[in-house]
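First up is the structure itself, then whatever we jot down about it.
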Amino acid sequence: MKRKPMLLKKLTAGTYHTDKKTIGLIGINRGVGVTYTGMLLANYFGSEKRIRTAYLECNNHMDFSRLQEAYEWSTEDDNSFSLDKVTYYKQVSANRISEILCDDYDYYILDFGTDYSDYMDEFIRCSNKIIICDSAIWNQSRLFSFLEAAVDIKGSRYWIHMIPYAKRGLVNKLSNKTGKSFYKIPYEPDPTLLSRETHKLFHFLFG
Numbered sequence: 050m051k052r053k054p055m056l057l058k059k060l061t062a063g064t065y066h067t068d069k070k071t072i073g074l075i076g077i078n079r080g081v082g083v084t085y086t087g088m089l090l091a092n093y094f095g096s097e098k099r100i101r102t103a104y105l106e107c108n109n110h111m112d113f114s115r116l117q118e119a120y121e122w123s124t125e126d127d128n129s130f131s132l133d134k135v136t137y138y139k140q141v142s143a144n145r146i147s148e149i150l151c152d153d154y155d156y157y158i159l160d161f162g163t164d165y166s167d168y169m170d171e172f173i174r175c176s177n178k179i180i181i182c183d184s185a186i187w188n189q190s191r192l193f194s195f196l197e198a199a200v201d202i203k204g205s206r207y208w209i210h211m212i213p214y215a216k217r218g219l220v221n222k223l224s225n226k227t228g229k230s231f232y233k234i235p236y237e238p239d240p241t242l243l244s245r246e247t248h249k250l251f252h253f254l255f256g
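Residue numbers (the working numbering): 50 to 256.
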């Protein structure tokens, strides 16, 4: 039996503190590349733009713990690790989000993973909202169900849709089918080193 799309709450497009720039990331399904995209964004703002950036793991996927083990960091503790102008916060609970938002960062990236049903209100408050989609054809039904469920959320037509490693033909096909803008995220062997193509995309979207 085919499952009905999950209903999303109708929410007003409130935002966090007006002086804080926030980007919310959610994924249509596991393994779609939310953390990968977040790393690219964090390094764009922190390393390329030289902006103090906080990257929050607002899910239970434990990806940041593996990320911490994979690289060397300038500072580390039980809850966070940093390199240059980017600080990664592990396993951030809902009640800690507002606390971290009061810290002295210029940009905040909130990685909700696929736990968007529990964090949709926090996602809506972000000044930029990004949906990470899957290029696999067998997962596209999840995308269409999500878009259908989100249509009544105020401001959802302005959300950004990205597909890691997608071919240009797929991006154009989904844009035509849904009437929404989709962007291809290039493959970066090392997410800490951005190619000219990735830099150009982020500059176009975020300045």
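Positions of the beta carbon are idealized from the N, C-alpha and C atoms, including for glycine.
Scanning its chain for C-beta atoms nearer than 6 angstroms, with the 5 sequence neighbours on each side dropped, one finds around Phe113 the residues Glu106, Tyr137 and Lys139, in chain order. DSSP places Leu223 in the uninterrupted alpha helix (DSSP H) bounded by Arg217 to Thr227.
When rounded, the separation of the alpha-carbon atoms in Tyr104 and Ile234 is 19 angstroms. In the displayed model, Ser184 falls within coil according to three-state DSSP, outside both helix and strand. Rounded to whole angstroms, the gap between the alpha carbons of Tyr165 and Ile75 is 6 angstroms.
DSSP links Thr71 through a beta bridge to Tyr157. Inter-segment contact for the segment 151-167 and the segment 88-104 is present: three or more beta-carbon pairs are separated by less than 8 angstroms. The beta carbon of His110 sits closer than 6 angstroms to those of Gly162, all from its chain and outside the five residues before and after it, given in chain order.
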